[in-house]
Structures are given as C-alpha cells and as structure tokens.
Amino acid sequence: MLFWLFLFQPAVSYGEVHVLKSEILQTERTVWVARSQEALPDQKLPVLYILDGQTHFEMAASLVRYLSAFNTIPPFLVVGLDNSQERERDLTPYQSNMSPNGGGAARYYQYVTQEILPWVNRHYSTSGFQALAGKSYGGMFALFAAQQQDCPFQAVISVSPSLFLADNQMLKDVSDHVDQVAQRRFLFLSHATEDDIMRIPFLQLSGFLAAHAQHRFHHHIYEAETHESTFQPALFDALKSLFDQWQVPRYVTQTDPQAVVQHYDRLISELDLRIQIPFEALKRTGRLMQSSGFVEAARDVFLETIRRYPDSGYAEYFLAKALLKLGQSESALAHMQLAVTKSKAAGDSDWQAMQEELTEIQNSISK
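In this note's numbering, the protein residues as written are 66 to 432.
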C-alpha cells in the first residue's frame, strides 16, 4: 500500500511530483507524472514508465510531448520512478562481485506492479496499455520484468542493459523465460559504443531475441553515443519504431475519411493500446483535408470526431468552419453555437474567440 505524502508539489518544469511511502520498500519514493499537452482532460492515455526518473523524466516527458504534438505518436502519460536510493539493489536481479548490493529486483518489481501501477491507474485516466523503459541497470530491470509471468507491460525498452552482471546470467534467464519475453507486443534493445564486456552479450541476446520474438523486436547499436548519452536517441527511436505506422499516408488523409478511421482503429487494436483515436489525430487529418481542398472529406472527419468526442467544443468549431467553406451557413451557425457552449462549459480559453466568429456568422446570415 502506498501513502500519499505530498500532492502536486511543484518540482519540475511541467507535470506533477508526488512523494509516496511504500510499504513494500519501507521508504519514501518520488514519482513524477506528465500528460501529453494534446490530451483532453478525461482522455484515457497509454502510460510510459521511466526508470531512473530522477535523471530521465524531464527529457522523456519533453520527448513524448514533442512527438505527440506532431501526431508521430499518440498522447501518453509519462511516469518517472525515482531510483536515486538503493539503485543497484532495486534494479539488478543478481548479487555478484560487480554488484555486491544487487539482487533486489524481485522486490522492486512487486513495488512497481503492486503499488505504483495501481496508484497511477486510480489517480489518472489510463487506458491499460503500459510501457517500461530503462537504461543500464534500468535496462536490466526492464528485461527482468519482461520475463515475469504476470508482466503488465506490453512494450519494453531496454537501453544499454548491464548484461555482464553475474557472468552474463541475464542471457540464460531470458532463454529460460523466452516464452514470456517473446509475448511482448514490442521489444526494443539497444547498445552504445561500449567495451566488449557490454557488446558481446548484447549481440548474443539481440540475435537470440530476433529469432524468437513473436511480435515486433527492434535492436540497434548507437556507434556515435556513449553509455551516458544513449538514452535520449534510443527512447526517441523506440517510440518512433513502436508507432512507425501511426501517421496516415498523405494520399489517404486527403481523400478517404473512412480509411483514416480504419487505419487508426486497426493500429490501436494491433498494438493493444485500448484507446480512442486521439482527438489530435482526427483534428490534424481534417484540417489537412480542408487545406488541401477536400472540404467534404474534412467535414466527414469532423463529424466522426464529434461522434467520438461529443463534449468537445473544438470538434464543433472545426466542423462549423468546414460547413462555411461548403456554403452551409445555417448548419455552420448551429455548430458554432455548440462550439461556444461546449468550450465555455469545459473552460477552454478559446471560447470567446469562437463567440466572435459566431457573431460574424450571424451577421453574414442576417444581411
């Protein structure tokens, strides 16, 4: 059980920071949380858990915010876990000469799955899709988590894992639990410019997983990166690889609204994201259609957006703009009125600007 000690205490440039007391670890740990800026207030989001959040959270949250802003990936909830205390103990499965304080990964896995995940799901709107990312010892823990019978992470990102610990024991463990590891919907493994003690087991493990993965497995060596610098480019590539088909081909977005909906519904099902088509994806598609001259197609996309997001004033607004382009002033007026009403009720900052456009439509009709 977690005890919530501080709520919404500011400590990062954006997002929230919480200090929670863990019964399993018998200590307090910090948890950082940030939502993609494009996410609607009650939108259910997939969750990306970042190990060593004290170092990587702000970078990861900024990266996710950047990618989701351009619809390269869907909006996410990013959760950073603090490993500044007892890092070696918590993140490594083995005690050895090179990690004399290691061996606590099983207990830390209990902490993550029995305390942190339920806490996040209680306090935030989550979809059920969960990804885990870590580097070095964190990369080892990510691989350890992937082996567990009850592993809750559909996607696992392991960056420069310390595979050499305990005489490369992780290679044997992955082999022994290959059925569990291979079930992950997405598995990403990477390595930087590092000594052979890191490189050789990485090559062995990546070759083994490439032969056994049941879904999508990506592995990469970052020759231009060091162990310290590799997490940012690796996380960027991992997210882009996970969602490499997310953006709809341009010829589809311009001509076929139904194909757009089918494209996203198919990917959401294949990746087990358990989300609605994101509002931002539909909005960007409709606006691209409209700017390209396919106004009727844009209208149909905005109608679909309203069907999926009936409380959105912005969806009503974009539909009204498309209807104006089509010369349907009366219908545009009705939807702009709905845009103002819904946006004002939701506290959207743009409702007054929408009100001004509503007045302009009313004046043009009355002439």
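We put the CB at the ideal spot given by N, CA and C, even for glycine.
All of these numbers come straight from a predicted model, not from anything done at the bench.
- Going by C-alpha positions, Pro343 is about 9 Å away from Tyr329.
- When only Cα atoms are considered, Ser408 and His188 end up about 25 Å apart.
- In the DSSP secondary-structure assignment, Thr120 is not bridged to any residue.
- Taken atom to atom, the span from the alpha-carbon of Ala275 to that of Asp232 is near 22 Å.
- Taking every protein chain shown into account, the CB of Ser377 has 16 or more other CB atoms within 10 angstroms, so this residue is buried.
- Ranked by Cα distance from Ile181, the options His277, Leu116, Ile371 and Gln417 are led by Leu116.
- Counting C-beta pairs closer than 8 Å gives three or more between the stretch 105 to 116 and the stretch 139 to 149, which meets the contact rule.
- Note that the C-beta distance between Phe206 and Tyr173 is below 8 Å.
- Here Gln219 really is in contact with Phe194; their C-beta atoms are around 6 Å apart, less than 8 Å.
- Under DSSP, Ile222 shares a beta bridge with Ala198 and Phe253.
- Contact check for Ser240 and Leu254: beta-carbon distance about 14 Å, past the 8 Å limit, so the pair fails to qualify.
- Leaving aside the five residues that flank Ala363 on each side, the residues in its chain whose CB is nearer than 6 Å to its CB run, in chain order, Gly351, Met354, Gln355 and Ala387.
- In the assembly as shown, Gly358 is an exposed residue. Its beta-carbon has fewer than 16 other beta-carbons within 10 Å.
- Secondary structure note for Arg364: its alpha helix (DSSP H) is the uninterrupted segment Val360 to Arg373.
- Looking at Ala196, Gly168 and Ala324, the one whose alpha-carbon comes closest to that of Leu300 is Ala196.
- The DSSP assignment places no complete run of the alpha helix (DSSP H) inside the stretch 270 to 295 (cut-off: 4 residues).
- DSSP places Ile430 in the uninterrupted alpha helix (DSSP H) bounded by Trp416 to Ser431.
- Taking one beta carbon from each stretch, the stretch 398 to 408 and the stretch 366 to 381 have 3 or more pairs nearer than 8 Å; the two touch.
- With a 10 Å radius around the Cβ and a threshold of 16 neighbouring Cβ atoms, Ser294 comes out exposed.
- Within the same chain, and ignoring the five residues on either side of Tyr202 in sequence, the residues whose Cβ sits closer than 7 Å to its Cβ are Arg152, Glu153, Leu156, Thr157 and Ser227.
- When secondary structure is reduced to three states using DSSP, Leu307 falls in the helix class.
- In the DSSP assignment, Tyr114 falls within the beta strand (DSSP E) that extends over Leu110 to Ile115.
- The way I'd put it, the stretch 87 to 97 doesn't touch the stretch 259 to 269; fewer than three beta-carbon pairs between them come closer than 8 Å.
- Of the residues assessed, Gln102 falls on the exposed side of the cut-off, its CB having fewer than 16 other CB atoms within 10 angstroms.
- Approximately 11 Å separates the beta-carbon atoms of Val98 and Leu85; this is outside 8 Å, ruling out the contact.
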